[in-house]
Amino acid sequence: QQQVKQSPQSLIVQKGGISIINCAYENTAFDYFPWYQQFPGKGPALLIAIRPDVSEKKEGRFTISFNKSAKQFSLHIMDSQPGDSATYFCAASSMASGTYKYIFGTGTRLKVLA
Amino acid sequence: KAGVTQTPRYLIKTRGQQVTLSCSPISGHRSVSWYQQTPGQGLQFLFEYFSETQRNKGNFPGRFSGRQFSNSRSEMNVSTLELGDSALYLCASSSEGANVLTFGAGSRLTVL
């Protein structure tokens, strides 16, 4: 019940295309859903996040779509660029014992071809 | 504002040895969490410290331990290393009540 399932494991997209990464969760106590972006040799960095009271959040070319009833959320990268090539992690968190507990997906390695 | 600093960045150990990794959080951040990253497994939560106390712990064996100092710097220790402990160990800090983790670049441990 604590898992966050992420797919696909890897993704290759042409420059200018749309990249879509999906995540599913089971624990309805989760109330914060961030996406992290990790470049080689770097730690993950927060990209965009959403709370379950909204169905979509957009920041530039990055959009999170959230389906509360299906317990699924996805990251869409519009007009994908070679600089977007990185590993993306979805996560879900909830407050417990005075702190936010995070569960991360297994990651998606995105490669955008020039 | 300096980010999260982890040392060492790379290290090689042999089975049976022990290792200590260090993490300096962002100034003012009192919560430090540790994660193990391996291919295919994503980020697995090890433990979280706040004000020198372990507040949460993941499902790792007792060989994995940590501590936090009064200046919020944290260390994690892995004893009796196994080949499967080879991974990138990430430290993340956050401010009290904030729901944002800021990660360091990690310490890559290779166990031979």
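Top line first, the protein sequences correspond to chains G and A. Per our numbering, the first sequence starts with residue 115, numbered consecutively. Per our numbering, the second sequence starts with residue 41, numbered consecutively. Ideal placement from N, C-alpha and C gives every residue a C-beta, glycine not left out.
| query | result |
| --- | --- |
| I'd like to know if Ala145 (chain A) contacts chain G, where contact means its C-beta is closer than 8 Å to some C-beta of that chain. | yes |
| Report the rounded CA-to-CA distance for Ser64 (chain A) versus Val226 (chain G), giving the unit in angstroms. | 34 Å |
| Work out the CA separation of Ile66 (chain A) and Val157 (chain A) for me, nearest whole Å. | Missing from the structure shown is residue 157 (chain A); chain A here goes from 41 to 152 and no further. |
| For Gly80 (chain A), does the three-state DSSP call read helix, strand or coil? | coil |
| Whose C-alpha, out of G:Gly197, G:Thr220, G:Arg223 and G:Tyr150, is nearest the C-alpha of Lys129 (chain G)? | G:Gly197 |
| Can you find a CB in chain A that lies within less than 8 Å of the CB of Ser207 (chain G)? | yes |
| What does Ser71 (chain A) touch in chain G if you count any residue whose Cβ is under 8 Å from its own? | Thr213 |
| In this structure, what does DSSP give as the bridge partners for Ala159 (chain G)? | G:Gln151 |
| Which residues does DSSP pair with His190 (chain G) in a beta bridge? | G:Ile134 and G:Thr177 |
| Go through its chain and collect everything with a Cβ distance to Met116 (chain A)'s Cβ below 6 Å, but skip five positions before and after it. | Leu61, Trp74 and Gly106 |
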